[in-house]
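Working notes for the structure below.
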Amino acid sequence: MSDSSLLHRPRRLRQNQAIRRLVRENRLHPADLVHPLFIVPGQGIHKPVASMPGVAQLSIDEAIRVARRSHDLGISAIILFGIPEVKDSSGSDTRNPVGIIQRAIQAIKEVLPDLYVMADLCLCEYTDHGHCGPLRSSPDRHRPDQEVDNDTTLTLLGQAACSYAAAGVDMVAPSGMMDGMVAAIRSALDQQSYQHIPILSYAVKYASAYYGPFRDAAESAPSFGDRRSYQMDPANRREARREALLDIEQGADMLMVKPGLAYLDILRDLRQQTDLPLAVYNVSGEYAMVKAAAANGWIDEQRVVMENLTAFKRAGADLILTYHAPEAARLLQEGFAD
Numbered sequence: 000m001s002d003s004s005l006l007h008r009p010r011r012l013r014q015n016q017a018i019r020r021l022v023r024e025n026r027l028h029p030a031d032l033v034h035p036l037f038i039v040p041g042q043g044i045h046k047p048v049a050s051m052p053g054v055a056q057l058s059i060d061e062a063i064r065v066a067r068r069s070h071d072l073g074i075s076a077i078i079l080f081g082i083p084e085v086k087d088s089s090g091s092d093t094r095n096p097v098g099i100i101q102r103a104i105q106a107i108k109e110v111l112p113d114l115y116v117m118a119d120l121c122l123c124e125y126t127d128h129g130h131c132g133p134l135r136s137s138p139d140r141h142r143p144d145q146e147v148d149n150d151t152t153l154t155l156l157g158q159a160a161c162s163y164a165a166a167g168v169d170m171v172a173p174s175g176m177m178d179g180m181v182a183a184i185r186s187a188l189d190q191q192s193y194q195h196i197p198i199l200s201y202a203v204k205y206a207s208a209y210y211g212p213f214r215d216a217a218e219s220a221p222s223f224g225d226r227r228s229y230q231m232d233p234a235n236r237r238e239a240r241r242e243a244l245l246d247i248e249q250g251a252d253m254l255m256v257k258p259g260l261a262y263l264d265i266l267r268d269l270r271q272q273t274d275l276p277l278a279v280y281n282v283s284g285e286y287a288m289v290k291a292a293a294a295n296g297w298i299d300e301q302r303v304v305m306e307n308l309t310a311f312k313r314a315g316a317d318l319i320l321t322y323h324a325p326e327a328a329r330l331l332q333e334g335f336a337d
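When the letters of the sequence shown are read in order and numbered with numbering that gives the first Met the number 0, they come out as residues 0 to 337.
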């Protein structure tokens with residue numbers, strides 16, 4: 000075939016950076032990113048998480064410093080995870096007006112009123128057994144002796160949501176995958192005149208091996224068994240649609256898919272099924288793998304990070320929860336594009 004017979008040459012639109020930028024279909028912005036922070040009691044604490052280089056457990060004063068830096072980089076939202084001083088069987092610190100998260104919300108909003116503060120809403124970091132709700136004896140002799148009591152947990156989640164709202168949170172994000180959690184939380188908030196507080200539901204959360212480093216950071220590993228009786232089977236795709244539709248019916252304002260990279264098909268499915276805003280969680284295992292490979296010189300860390308985040312946008316995410324948020328926002332401010 001001669002050169003003159005080639006009418007279609009897609010490479011014409013890839014010749015240089017200027018034309019590539021002009022025709023780029025998806026773009027990242029710092030405002031797309033949500034920065035997760037792990038809050039611990041005390042003062043002046045910045046305790047690195049060994050399995051997540053660049054991430055640390057932070058006392059409230061240190062969290063304010065980190066949150067301010069993220070805000071200055073153009074990141075408009077953070078999400079808080081609390082590690083209380085004392086844990087118990089029901090995760091009571093989630094309902095304590097002076098609990099670790101309540102105090103963090105108040106302190107951060109006082110200093111940074113324009114920063115949007117989300118709070119993860121789950122009991123696993125607060126229970127002494129590490130499961131996402133109080134336990135009861137299992138009625139099935141083929142199952143473990145104890146299981147999470149779904150309906151009792153719903154009441155506790157509603158109380159915690161109201162406590163976070165009273166502290167000044169902007170959004171609650173239930174992540175425990177309890178049946179009916181969105182409806183219970185919406186009802187509790189509305190009854191206490193918190194109709195203005197939106198719910199970002201971890202609607203599609205898989206029982207994933209990618210969460211390992213997070214459990215170091217949040218000190219939330221279960222003391223027995225696992226979470227496969229309430230988090231989703233990684234093999235299931237149609238079930239994700241069912242879970243999402245149930246949460247929409249119950250009043251969710253936004254939906255999340257977690258993890259991210261291994262579940263881009265699920266994210267894309269939901270984008271085609273709902274007009275609600277979609278979030279994706281670029282989880283700790285995904286983050287740690289990039290950091291480990293980069294530390295060994297096996298990959299170009301900056302390019303891989305930006306490629307991963309762009310993949311989430313391309314699949315349909317409106318916002319991305321990621322531990323890479325500060326470094327990605329800095330790169331975007333500096334004009335990183337290719």
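Virtual Cβ for every residue (Gly too), placed ideally from N, Cα, C.
Three-state class that DSSP yields for residue i in the structure shown
i      : result
SER89  : coil
PHE37  : strand
ASN235 : coil
HIS70  : helix
PRO173 : strand
PHE80  : strand
ASP119 : strand
ARG23  : coil
THR126 : strand
THR321 : strand
LEU188 : helix
GLN350 : The shown model of the chain, from 0 to 337, leaves out residue 350, and the question about it has no answer.
CB contact flag (residue i, residue j, <8 Å)
i      : j      : result
LEU266 : ALA314 : yes
ALA234 : PHE37  : no
LYS312 : LEU27  : yes
GLN101 : ALA182 : no
ALA172 : LEU120 : yes
ALA239 : ILE74  : no
SER58  : GLY41  : yes
VAL282 : GLY259 : yes
MET117 : ILE78  : yes
VAL147 : LEU156 : no
MET231 : TYR205 : yes
ILE247 : VAL33  : no
VAL48  : PRO197 : no
LEU277 : LEU269 : yes
MET305 : TYR229 : no
ASN15  : THR309 : no
HIS128 : SER88  : yes
ALA347 : VAL279 : The structure shown does not extend to residue 347, since the chain is modelled only from 0 to 337, so the question has no answer here.
ARG185 : GLN249 : yes
ALA164 : TYR193 : yes
Whole-number beta carbon distance between residue j and residue i, since they are thought to touch under 8 Å
i      : j      : result
ARG94  : GLN158 : 5 Å
TYR322 : PRO35  : 6 Å
THR151 : LYS86  : At roughly 17 Å, the Cβ-Cβ gap does not stay under 8 Å, so THR151 and LYS86 are not in contact.
LEU114 : ALA160 : Their Cβ separation, rounded to whole angstroms, is 20 Å, which puts LEU114 and ALA160 out of contact at 8 Å.
GLY175 : LEU122 : 7 Å
GLN332 : PRO29  : 7 Å
ALA243 : GLN272 : 7 Å
ASP252 : LEU199 : 7 Å
ALA293 : GLU300 : 4 Å
MET180 : LEU153 : 6 Å
With 16 other Cβ atoms within 10 Å as the buried cut-off, status of residue i
i      : result
GLY98  : buried
ALA66  : buried
ALA208 : exposed
GLN56  : buried
HIS70  : buried
ALA103 : buried
LEU12  : exposed
SER4   : exposed
ASP144 : exposed
ARG295 : One detail in the question is off: residue 295 reads as Asn in this sequence, not Arg. Per the 10 Å Cβ criterion, exposed.
VAL39  : buried
GLU285 : buried
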